[in-house]
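>
Protein chains: 2
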Amino acid sequence: MSFLEFISYLWIIRLVNIIKMVSKSCKYAIRATVFIASRANAEERFGVKEIAAEIEAPPAFTAKILRTLSKYKIITSLKGPYGGFYCEKYQLDLAVSEIVNAMDGMSVFKECVMGLHQCSDAHPCPMHYKYAGTRNELMKTFQETSVGSLAADLSKGSVFIKNEVLEN
Amino acid sequence: MSFLEFISYLWIIRLVNIIKMVSKSCKYAIRATVFIASRANAEERFGVKEIAAEIEAPPAFTAKILRTLSKYKIITSLKGPYGGFYCEKYQLDLAVSEIVNAMDGMSVFKECVMGLHQCSDAHPCPMHYKYAGTRNELMKTFQETSVGSLAADLSKGSVFIKNEVLEN
DNA sequence: TTAATAAAGGACAAATTTGTCTTTTTTAGA
DNA sequence: TCTAAAAAAGACAAATTTGTCCTTTATTAA
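As given, the protein sequences belong to chains H and E, one line each in that order. Positions 1 to 168 (my numbering) are the ones given, in order, by the first sequence. Positions 1001 to 1168 (my numbering) are the ones given, in order, by the second sequence.
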């Protein structure tokens, strides 16, 4: 057994691999999508500048991200005057994991937590079940949480932190 | 309240900020340090090439990382023939957090989990205590875990994953 | 004292991520 | 049909991280 594999048995190494998961672009994308979804009423559309300002991201970069989201049909866009970005009803049911997938791909949920090449369900490394479990729960959370539900929390004026409700 | 601040109340946004924490360099550094520490017996020293091979990192890059570790006195180096890298006794008592500090700095443990500028202990954001708590536990773990204890686990031929012992 | 060995130092290079800018295409309304 | 507004597209640029290479310095042993 190589040292890399050996050391990978240590939970501290795993720990080092578990924290943080998505790119800055993806965070911007989540913010933007939730913002747009939270205003999905009527025929309202939002321009790049407004969205960028709301999510505190660089406008030009926000435009790029919105294009990606639009390409993946996570949000909808309309060109021309009175155009902009908005959410169609079905898009409110999309999971947050779709955003991660569009921006970063899903490898973050799939690769061996140790970075070991030989690890698989068939030949699992010792952490495969124990910690892959943690990650799977996380993925499940991403998959079970819809854009619309997040938007609804915001629109209600109360937001949820896990099981706790904060008023504001 | 800005939308950024507003959306930051959502646990999903927090979730997105908590996973992953340290750079690739830092992971290499942890691997390297634990490897060297695990062989801290006698007068044995290890060269860049050997260490790089053991931790499966690029040799030249490993050299750079070892220099940093040496500069921060996390490991000790000796030039010339029969030289190389090794751990002095006191260095086995150093915490893993020292490695993180040397490689990435400690800001990862200190910045507001939401990226909000106005957040502090005096003016905490709603997640400050709830999730900063999670991170603080993590930091505590890093601080309470010594290089030597990790090395000892390895040397014993059994490694710990949290409270569970794996034989190999 | 010299030759060989190995880390130290630092410039440089590649890759990736983040961010910008200009031109093109689409759409709405006058 | 023309004009203005706004996204689409994609080249370009900056910043950061990752990685390489060459020269210098220190150490050991003959």
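Just so you know, even glycine gets a beta-carbon here, dropped at the ideal spot from N, CA and C.
Have a look at phenylalanine 1142 of chain E and valine 1100 of chain E and give me their C-alpha separation to the nearest angstrom.
Their backbone Cα atoms lie some 9 Å apart in a straight line.
> Would you identify the three-state DSSP class for leucine 1092 of chain E, choosing helix, strand or coil?
If DSSP states are grouped into helix, strand and coil, leucine 1092 of chain E belongs with the helices.
> Does the distance from the C-beta atom of serine 170 of chain H to that of methionine 106 of chain H stay below 8 Å?
Lying before the first or after the last residue shown, residue 170 of chain H is absent from chain H, which here runs from 1 to 168.
> Should tyrosine 1028 of chain E be labelled buried (16 or more other beta-carbon atoms within 10 Å of its own) or exposed?
When all chains shown are included, tyrosine 1028 of chain E counts as buried.
> Does the pairing of the stretch 48-58 of chain H with the stretch 67-79 of chain H give three or more beta-carbon distances under 8 Å?
Not touching, per the Cβ criterion.
> Is the beta carbon of alanine 151 of chain H sitting closer than 8 Å to the one on valine 48 of chain H?
Cβ distance not < 8 Å, so alanine 151 of chain H and valine 48 of chain H don't count as in contact.
> Have a look at lysine 1089 of chain E and alanine 1037 of chain E and give me their C-alpha separation to the nearest angstrom.
For lysine 1089 of chain E and alanine 1037 of chain E, the distance between alpha carbons rounds to 9 Å.
> For the beta strand (DSSP E) that tyrosine 86 of chain H lies in, which residues bound it at each end?
84-86 is the span of the beta strand (DSSP E), which, as asked, contains tyrosine 86 of chain H.
> Which residue or residues does DSSP assign as beta-bridge partners of tyrosine 1145 of chain E?
According to the sequence shown, residue 1145 of chain E is threonine rather than tyrosine. Looking at the DSSP assignment, threonine 1145 of chain E forms no beta bridge with any residue, so it has no partner.
> I'd like to confirm the pairing. Which residues does DSSP put opposite leucine 78 of chain H in its beta bridges?
Note: leucine 78 of chain H sits in a beta bridge opposite H:Gly84.
> Output yes or no for whether 8 Å exceeds the beta carbon distance between tyrosine 86 of chain H and glutamate 44 of chain H.
Yes, Cβ-Cβ distance for tyrosine 86 of chain H and glutamate 44 of chain H is below 8 Å.
> Which same chain residues, not among the five before or five after serine 1077 of chain E, have their C-beta less than 6 Å away from its C-beta?
Taken in chain order, the residues that qualify are Ser1070 and Phe1085.
> Assuming leucine 1094 of chain E and alanine 1040 of chain E are in contact, meaning their beta carbons sit under 8 Å apart, how far apart are those beta carbons, in whole angstroms?
The pair is not a contact, with the Cβ atoms about 12 Å apart (cut-off 8 Å).
> Can you tell me whether arginine 67 of chain H is buried or exposed, with buried defined as 16 or more other CB within 10 angstroms of its CB?
Exposed.
> Using the beta-carbon count (16 or more within 10 Å), is methionine 1080 of chain E buried or exposed?
The residue you asked about is not methionine; residue 1080 of chain E is glycine in the sequence shown. Glycine 1080 of chain E is exposed by the Cβ-count criterion.
> For a minimum of 3 consecutive residues, which ranges assigned as the beta strand (DSSP E) are wholly contained in the stretch 1041-1076 of chain E?
Counting only runs of 3 or more, we get nothing.
> Tell me whether methionine 106 of chain H sits in a helix, a strand or coil according to DSSP, three-state version.
Methionine 106 of chain H: coil per DSSP, three-state reduction.
> To the nearest angstrom, how far is the alpha carbon of threonine 139 of chain H from that of isoleucine 30 of chain H?
Correcting the residue type first, residue 139 of chain H is methionine in the shown sequence and not threonine. Roughly 15 Å separates the two Cα atoms.
> Just mark glycine 1148 of chain E as buried or exposed, buried being the case when its beta carbon has 16 or more other beta carbons within 10 Å.
Glycine 1148 of chain E should be labelled buried.
> So is glutamate 144 of chain H buried or exposed if we call it buried at 16+ other beta carbons inside 10 Å?
It counts as exposed.
> Short of 8 Å in beta carbon distance, which residues of its chain neighbour threonine 1062 of chain E, apart from the five on each side in sequence? Order them along the chain.
Excluding sequence neighbours, threonine 1062 of chain E sits near Tyr1028, Ala1032, Val1048, Ile1051, Ala1052 and Ile1055.
> Taking all protein chains shown into account, decide if alanine 60 of chain H is buried (16 or more other Cβ within 10 angstroms of its Cβ) or exposed.
Exposed, since its Cβ has fewer than 16 Cβ neighbours within 10 Å.
> Can you round the beta-carbon distance between isoleucine 1065 of chain E and serine 1097 of chain E to whole angstroms, since I take them to be within the 8 Å contact cut?
Rounded, the Cβ-Cβ distance is 17 Å, inconsistent with contact.
> Excluding sequence positions up to five away, which residues of its chain have a Cβ less than 7 Å from the Cβ of alanine 57 of chain H?
Closer than 7 Å at the Cβ level, and outside the excluded window around alanine 57 of chain H, lie Tyr28.
> For phenylalanine 1046 of chain E and serine 1146 of chain E, I'd like the C-alpha separation in whole angstroms.
Each residue's alpha carbon lies about 20 Å from the other.
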